[in-house]
Amino acid sequence: MSHSTHEVFNQSTPFVDVNLFDTDVGLRDALRFNHPSFDAGRFSAIGAECGAAQTVEHARLANHHSPVLRSHDRFGHRVDQVEFHPSYHALIGAALKHGLHGAPWSRPAGSHVERAAAFILSTQAEPSVLCPVSMSYAVTPALRANAGLYAAWQSRIVSTQYDPRFAPFDRKTAVTLGMGMTEKQGGSDVRSNTTRAEPVGEDVWGRRFAITGHKWFMSAPMCDAFLVLAQAPGGLSCFFLPRWLPDGGTNVLRVQRLKHKLGNHANASSEVEFDRSTAWLVGDEGRGVPQILAMGAITRLDCALGTAGLMRQSLALALHHTGQRMAFGTRLIEQPMMKNVLADLALESEAATALALRLARAVDRSENARDPSGHEALMRRVLTPIAKFWICKRGSLFGQEAMECLGGNGYVEEQGEGVMARVYREMPLNSIWEGAGNIMALDLLRALRTGPVTDALMHELQPARGAHAAFDRLVGTLPAQVDGVREEIDARRLARDVALAVQAALLRQHSTPEMFDTFCDSRLGAEAGGGGAFGLLRAAAPFDAIIARAMPPH
């Protein structure tokens with residue numbers, strides 16, 4: 007008689023077919039606060055699609071079958087194309103369908119906030135494919151500086167009918183846009199770029215240049231066009247470089263290799279070379295850095311949104327697992343120390359979502375002439391580096407703690423089925439992409455010189471004044487910090503303190519008293535600290551209420 011030793015029990019079920027919007031109370035409340043007239047039915051449909059089993063499988067396949075570079079065809083001709091698994095196209099097609107690319111720039115007020123909430127949901131479906139989507143979002147307003155280009159491309163930039171073909175833009179239903187800025191010798195120091203731009207003529211798209219040089223990181227090389235930086239006779243300038251030329255021929259864009267990255271495996275990040283490649287000037291010659299900073303500010307919003315989405319995803323996975331897994335006679339979620347960890351993670355996740363959507367509201371209102379006092383424009387300028395710095399800086403630690411809730415199962419990849427492992431590998435990217443922590447802190451110092459920042463922050467924090475002693479103490483220190491910080495060495499501390507104060511004020515306005523009080527106690531009070539570890543909430547904290555607010559079905 008044979009005896010089976012492989013009966014599987016006490017394992018959590020797959021986290022699939024969950025409506026990621028309907029089950030995320032924090033996101034719903036933040037969206038309602040920042041944009042009360044949102045269409046709840048539309049977002050419920052997006053949430054169902056992003057959490058569907060089919061979407062989860064698309065994410066697995068797109069990551070497991072990474073993009074492949076085809077530099078030459080079988081006859082030896084250069085083709086410089088990247089092939090993706092069909093699941094990649096299904097995921098990016100869904101992102102465009104929901105208007106996460108250039109569409110909000112052509113839609114009414116509130117569209118940027120709606121797009122931000124949908125971006126958080128789509129990140130939980132699969133973040134890798136959102137790189138070209140985010141770049142398309144950031145590049146769109148920059149193209150307005152070239153009327154000819156914008157007129158020719160705009161309708162396809164905002165189209166929601168994704169078209170994966172490698173074909174001239176005017177034969178496609180929609181296009182995606184990328185950016186090529188950093189070079190091997192410079193990184194964030196784009197002023198040291200060596201790529202050259204030589205003027206060669208002028209046509210309906212404006213001044214035309216021949217570009218020669220390289221880019222060390224150019225993500226999504228199958229985008230239809232890119233904004234690139236190059237040294238023109240008048241200084242570092244911004245250029246529009248399409249894959250296909252107006253005459254129907256292909257442009258010179260030589261994909262040297264695809265980067266083998268820690269994570270972000272479904273997305274192709276490449277190293278490329280230009281050899282008298284044709285490009286058109288965007289904006290004024292010599293003004294490339296201000297233009298790229300403007301685009302970077304928009305993609306930095308997406309870094310904050312994306313990390314907030316990854317936090318929510320890893321929290322949901324941890325809650326789902328611990329709600330089913332038995333150990334020492336009880337479910338993990340019922341055990342005191344695990345409760346502490348999960349509640350602490352839930353606080354961090356909702357605070358990240360609150361800050362990211364607040365920044366999206368500032369973008370929306372400053373873009374849609376709904377900012378007569380200039381407050382939203384100033385908050386946009388200040389909160390962009392702060393949100394990018396703090397939310398993304400917390401991401402990796404958050405992902406590690408959430409993974410630990412699953413134990414060894416969380417560390418296992420299993421041909422892409424290990425979603426928690428994939429999320430953990432993804433976490434550091436948003437902190438690095440579009441400027442790491444020090445770059446954000448330096449940008450904050452520049453932002454402090456753009457207007458009455460102290461007055462704007464005090465106005466922003468006023469709704470929570472008097473509600474918690476620790477909050478009031480922190481807010482009382484901010485004017486001196488904001489007005490007095492002059493040294494780079496203090497900038498990261500200031501970014502953290504402002505982020506925490508704004509997060510607390512937002513939780514006071516659209517979360518529960520338990521969330522606000524516990525956030526202030528643990529992040530701002532005398533017991534704050536612990537080296538950034540999670541699970542250090544005081545014993546009297548309302549663990550059950552916090553966990554119940556964050557809990558997905560299990």
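All residue numbers for the sequence shown refer to the working numbering, where the first residue is 7 and numbers rise by one.
Just so you know, even glycine gets a beta-carbon here, dropped at the ideal spot from N, CA and C.
message = Between the alpha carbons of A65 and A109, how many angstroms are there, rounded?
response = Using only the alpha carbons, I get a separation of about 24 Å.
task = Can you give me the start and stop residues for the beta strand (DSSP E) that F246 sits inside?
result = Bounds of the beta strand (DSSP E) holding F246 are 241–248.
key: Inter-stretch contact at 8 Å, needing at least 3 Cβ pairs: the stretch 443–453 / the stretch 491–506   = These segments touch.
Segment contact flag, the stretch 282–300 with the stretch 119–126, C-beta cutoff 8 Å, min 3 pairs = Verdict: no, contact absent.
Span of the alpha helix (DSSP H) around P391 = Here the alpha helix (DSSP H) through P391 covers 381–412.
ask   = For the alpha helix (DSSP H) that I553 lies in, which residues bound it at each end?
value = Secondary structure note for I553: its alpha helix (DSSP H) is the uninterrupted segment 549–556.
inquiry  = Buried or exposed, going by whether 16 or more other CB atoms sit within 10 Å of the CB of S10?
reply    = Under this definition S10 is an exposed residue.
key: In chain order, each alpha helix (DSSP H) run of at least 4 residues that lies wholly inside the stretch 111–198   = Fully enclosed alpha helix (DSSP H) runs of 4 or longer: 117–131, 136–148, 153–163.
query = Are the stretch 65–80 and the stretch 256–273 touching by the rule of at least three beta carbon pairs closer than 8 Å?
reply = Yes, the stretch 65–80 is in contact with the stretch 256–273.
task = Could you give the DSSP three-state label for V288: helix, strand or coil?
result = Secondary structure of V288 (DSSP, three-state): coil.
query = For G422, which of V234, A539, A46, E63 has the nearest alpha-carbon?
reply = Among V234, A539, A46, E63, the Cα nearest to that of G422 is on E63.
ask   = Buried or exposed: where does K190 fall if 16 or more other Cβ atoms within 10 Å of its Cβ makes it buried?
value = Counting the other CB atoms within 10 Å of its CB gives K190 a total below 16, which places it among the exposed residues.
message = Taking 7 Å as the cut-off, is the C-beta of Q262 nearer than that to any heavy atom in the ligand MG?
response = Of the ligands one can find in the structure shown there are none, so the ligand MG has no counterpart to examine.
request  = Answer with buried or exposed for M332, where buried requires no fewer than 16 other C-beta atoms within 10 angstroms of its C-beta.
outcome  = Burial is judged here by how many other beta carbons sit within 10 angstroms of a residue's own beta carbon; M332 has fewer than 16 and is exposed.
message = Suppose contacts are defined by Cβ-Cβ distances below 8 Å. Is V258 in contact with P227 by that definition?
response = No. Outside cutoff.
ask   = What are the partner residues of A216, as DSSP defines its beta bridges?
value = Answer is E204, T284, bridged to A216.
task = Pick out whichever of D35, R80, A236, L484 has its Cα sitting closest to the Cα of L287.
result = Cα-wise, what sits closest to L287 is A236.
ask   = Who are the near neighbours of V139 in its chain, counting only those whose CB is closer than 6 Å to its CB and skipping five residues on each side?
value = A distance below 6 Å between beta-carbons, with the five flanking residues on each side excluded, links V139 to the following residues of its chain, in chain order: A101, L106, H107.
request  = Would you decide whether A318 is buried or exposed? Buried here means 16 or more other CB atoms lie within 10 Å of its CB.
outcome  = As written in the sequence, residue 318 is Arg, which differs from the Ala given in the question. Buried, because 16 or more other Cβ atoms sit within 10 Å of the Cβ of R318.
message = Do I397 and Y143 count as a contact pair if the criterion is CB distance below 8 Å?
response = Cβ atoms of Y143 and I397: not closer than 8 Å.
inquiry  = If you measure between the beta carbons of G53 and N25, is that distance less than 8 Å?
reply    = Pairing G53 with N25 gives a Cβ-Cβ distance under 8 Å.
ask   = In this structure, does DSSP put S77 in helix, strand or coil?
value = DSSP places S77 within a strand segment (E or B) once states are collapsed to three.
query = How many whole angstroms separate the CB atoms of R514 and F522, which I take to be in contact at a CB cut-off of 8 Å?
reply = The beta-carbon distance between R514 and F522, rounded to whole angstroms, is 5 Å. This is short enough to meet the 8 Å contact definition.
Anticipated Cβ contact below 8 Å, G312 with P133, distance rounded = Their Cβ separation, rounded to whole angstroms, is 6 Å, which keeps G312 and P133 in contact under 8 Å.
inquiry  = Can you find the residues in the same chain that come closer than 6 Å, C-beta to C-beta, to A216, ignoring five residues on each side of it along the sequence?
reply    = For A216, where only same-chain residues beyond five positions count, the Cβ hits under 6 Å are E204, V206, R282.
ask   = Does the distance from the C-beta atom of A497 to that of P469 stay below 8 Å?
value = P469 sits away from A497, with the two beta carbons spaced by 8 Å or more.
inquiry  = Counting C-beta neighbours from all protein chains within 10 Å, is the total for M343 16 or more, i.e. buried, or is it exposed?
reply    = Flag for M343 reads exposed.
ask   = Count the other CB atoms within 10 Å of the CB of Y417; is the residue buried (16 or more) or exposed (fewer)?
value = Exposure of Y417 is indicated by the presence of fewer than 16 other C-beta atoms within 10 angstroms of its C-beta.
task = Quick one: give me the first and last residue of the beta strand (DSSP E) that A236 is part of.
result = If you look at A236, you'll find it in the beta strand (DSSP E) that goes 231–238.
message = With a threshold of 6 Å on Cβ separation, who are the neighbours of G457 within its own chain once the five nearest residues in sequence on each side are excluded?
response = Hits under 6 Å: L384.
task = For F4, collect the residues of the same chain with a Cβ closer than 6 Å to its Cβ; drop the 5 residues on either side in sequence, then sort them by chain order.
result = Beyond the ends of the chain as shown, which are 7 and 560, falls residue 4; an answer cannot be given.
task = Count the CB pairs spanning the stretch 339–359 and the stretch 141–159 that are closer than 8 Å, and state whether there are at least three.
result = They do not touch, by the three-pair rule.
Rounded C-alpha distance that separates M426 from T129 = Rounded to the nearest angstrom, the two C-alpha atoms are 13 Å apart.
query = CA-CA distance, P248 and D350?
reply = Roughly 47 Å between the two C-alpha positions.
ask   = Just checking my contact of A68 with D23 at CB under 8 Å: how many whole Å lie between their CB atoms?
value = Contact doesn't hold; Cβ gap of about 19 Å is too wide.
task = Mind checking who V24 pairs with in its DSSP beta bridge?
result = Beta-bridge annotation (DSSP): V24 is not paired with any residue.
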